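Colleague: Heads up, the sequence shown is in our numbering, so the first residue is 955 and it goes up one at a time. Note that beta-carbon positions come from the ideal geometry of N, C-alpha and C, so glycine has one too. Owing to the predicted nature of the structure, the values given are computational and were not obtained by experimental measurement. Pasting in a structure now, in structure tokens, and then I'll have a few things to ask.
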Amino acid sequence: MRKVITYGTFDLLHAGHINILKKAKDMGDFLIVGLSTDQFNLKKGKTAYHSFTHRKIILESIRYVDMIVPEKSWDQKIRDIKYYDIDAFVMGDDWEGKFDFLKPYCEVIYLPRTSGISTSKIKSDLNKI
Ligand code: C2G
955 MRKVITYGTF DLLHAGHINI LKKAKDMGDF LIVGLSTDQF NLKKGKTAYH
1005 SFTHRKIILE SIRYVDMIVP EKSWDQKIRD IKYYDIDAFV MGDDWEGKFD
1055 FLKPYCEVIY LPRTSGISTS KIKSDLNKI
């Protein structure tokens, strides 16, 4: 069984999130999502609208997602890849190159982001209403 992992906040879920989750799942048989905790988001300098609990409920309902684990720190990825026996790590290409240190442990794949949509764009557009 080919296992894929990806990480993110997945706040205010939109088509860009769904597209990468679908593409990541299509690269294997089992997709694990490392979902950023609210505490970790503070370290990422972002505050999600939905709590971790709600973002997890929403993500669990997506057909492409097989398992969700909390993302609590920047340095858990190697541990996760070994522990869950991951074959491929997938991220949007806004992260291009940032996770190449994972290459000794699994395939590292950066996929093109879906243009024209982002959680921050949703927030700023709503503020203009
Ligand atoms: N994404 C995308 N297209 C968009 C918006 C987001 O493909 N229009 C992808 C991102 O590239 C990322 C995933 O969707 O791979 C989740 O995006 P975020 O929730 O914004 O995640 P991020 O804050 O980038 O956190 O350790 C990694 C971090 O947790 C990633």
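1) Along the alpha helix (DSSP H) that carries A978, what are the first and last residues, could you check?
2) So what's E1014 in DSSP terms, helix, strand or just coil?
3) In the DSSP assignment, find the unbroken alpha helix (DSSP H) run with Y1037 in it and report its ends.
4) Go to K997, then tell me how far its alpha helix (DSSP H) extends in each direction, as first and last residue.
5) Can you find a heavy atom of ligand 1 that lies under 7 Å from the Cβ of T1001?
6) With H, G and I counted as helix, E and B as strand and the rest as coil, what does DSSP make of I1071?
7) Examine ligand 1 and report whether any of its heavy atoms sits within less than 7 Å of the Cβ of D965.
8) Between which residues of its own chain and K997 is the CB-CB distance below 8 Å, once the five residues before and five after are set aside?
9) Count the CB pairs spanning the stretch 1073 to 1081 and the stretch 1047 to 1059 that are closer than 8 Å, and state whether there are at least three.
10) With a threshold of 7 Å (Cβ to nearest heavy atom), would I1012 be considered close to ligand 1?
11) Let me check you understand the geometry: is the CB of E1050 closer than 7 Å to at least one non-hydrogen atom of ligand 1?
12) With 16 as the cutoff for other CB atoms within 10 Å, does K1036 come out buried or exposed?
Modeller: The answer reads as follows:
1) A969 to D980
2) helix
3) K1031 to Y1037
4) D992 to K997
5) no
6) coil
7) yes
8) S1027 and W1028
9) no
10) no
11) no
12) exposed
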